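> What the sequence shown shows, in mature numbering (1 follows the signal peptide of the UniProt record, and there is no 0), is residues -29 to -1, 1 to 111, in sequence order.
All residues carry an ideal CB built from backbone N, CA and C; glycine is no exception.
No experiment lies behind these values; they were computed from the predicted model shown.
For reference, the structure I am asking about is given below.
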Amino acid sequence: MIFSVPAHAAQTLRGVALGLVVLASPVQAQSFPGDVERVTEGLIAAGMAIELGDKCDDVSVRYLRGINFLQSLKRALQDEGFSNAEIDAYIDNDEEKDRLEAIARGRLADLGVIEGNEASHCTVANAQIAQDTQVGRLLR
C-alpha cells in the first residue's frame, strides 16, 4: 500500500485496517444482521480504498479519516455489546480477513479494475471520489 504519509504511519493504518477487516463475524454469530451489513460493508469499502491507494500513484488514502472510520466500526460493535476481548479474538481471524479482501477485490474488478493496470485503478479511484462513495471519501 502506498500512502502519502510516513512509512510508519502507513504501517499503522495497514495494521488497523487488517485487524478491523475481520470484525463482522461475531455480529453474525450473535444475530445482529443490521450491524453485520454496516460493519462488513464499511470494512469492504476500506479494503477497496486501500487497494486503490496502493495501486494508483495519483491518489492516496486519507490516513486520519481512515483510522477514524475504522475506529467507528469498532465502536459500533462495542455499542452492540461486544467486548474488547471478543473483538480482539476476531481480529486474529485470517479466514474472515481473506474473505472480505476477496469481496473487495471482486467489487473492484466489477467496477473495471484490471490487476496490474495502474490506469484502471486510477480510473476507478477517481470515479469513486467524484461519486462521493464511502470508498471515495477515504481517498484523495
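Give the list of continuous alpha helix (DSSP H) stretches no shorter than 4 residues that lie fully inside the stretch 78 to 109.
89 to 101 and 105 to 108
> Given that a residue counts as buried once 16 or more other Cβ atoms are within 10 Å of its Cβ, and exposed if not, what is residue 85?
One-based indexing of the sequence shown puts residue 85 at position 114. Per the 10 Å Cβ criterion, exposed.
> Pull up the distance between the alpha-carbon of residue 20 and that of residue 52, whole angstroms please.
Counted from its first residue, the sequence shown places residue 20 at position 49. Counted from its first residue, the sequence shown places residue 52 at position 81. Computed Cα separation, rounded: 28 Å.
> Closest Cβ-Cβ distance between residue 78 and chain B: below 7 Å?
Of the chains in the structure shown, none is chain B; there is only one protein chain.
> Name the two residues that bound the continuous alpha helix (DSSP H) containing residue 43.
One-based indexing of the sequence shown puts residue 43 at position 72. Taken as a continuous stretch (DSSP letters only), the alpha helix (DSSP H) holding residue 43 covers 34 to 50.
> Measure the C-alpha to C-alpha separation of residue 55 and residue 69 and round it to an integer number of angstroms.
Along the sequence shown, one-based indexing puts residue 55 at 84. Along the sequence shown, one-based indexing puts residue 69 at 98. When rounded, the distance between both Cα atoms is 22 Å.
> With burial defined as no fewer than 16 other Cβ atoms inside 10 Å of the residue's Cβ, what is the status of residue 31: buried or exposed?
By one-based count along the sequence shown, residue 31 stands at place 60. By the neighbour-count rule (16 or more Cβ atoms within 10 Å), residue 31 is buried.
> Pick helix, strand or coil for residue 30, following the three-state DSSP scheme.
Taking the first residue of the sequence shown as position 1, residue 30 is located at position 59. Coil, per DSSP.
> Between which residues of its own chain and residue 81 is the CB-CB distance below 6 Å, once the five residues before and five after are set aside?
Counting from 1 along the sequence shown, the entry for residue 81 is found at position 110. No residues qualify anywhere along the chain.
> Do you know offhand how far residue 108's Cα is from residue 57's?
As a working mapping, residue 108 is identified with position 137 in the sequence shown. As a working mapping, residue 57 is identified with position 86 in the sequence shown. Taking the straight line from one Cα to the other gives about 29 Å.
> Look at the alpha carbon of residue 111 and the alpha carbon of residue 33, and state the distance between them as a whole number of angstroms.
In the sequence shown, the residue the question calls residue 111 occupies position 140. In the sequence shown, the residue the question calls residue 33 occupies position 62. Roughly 6 Å separates the two Cα atoms.
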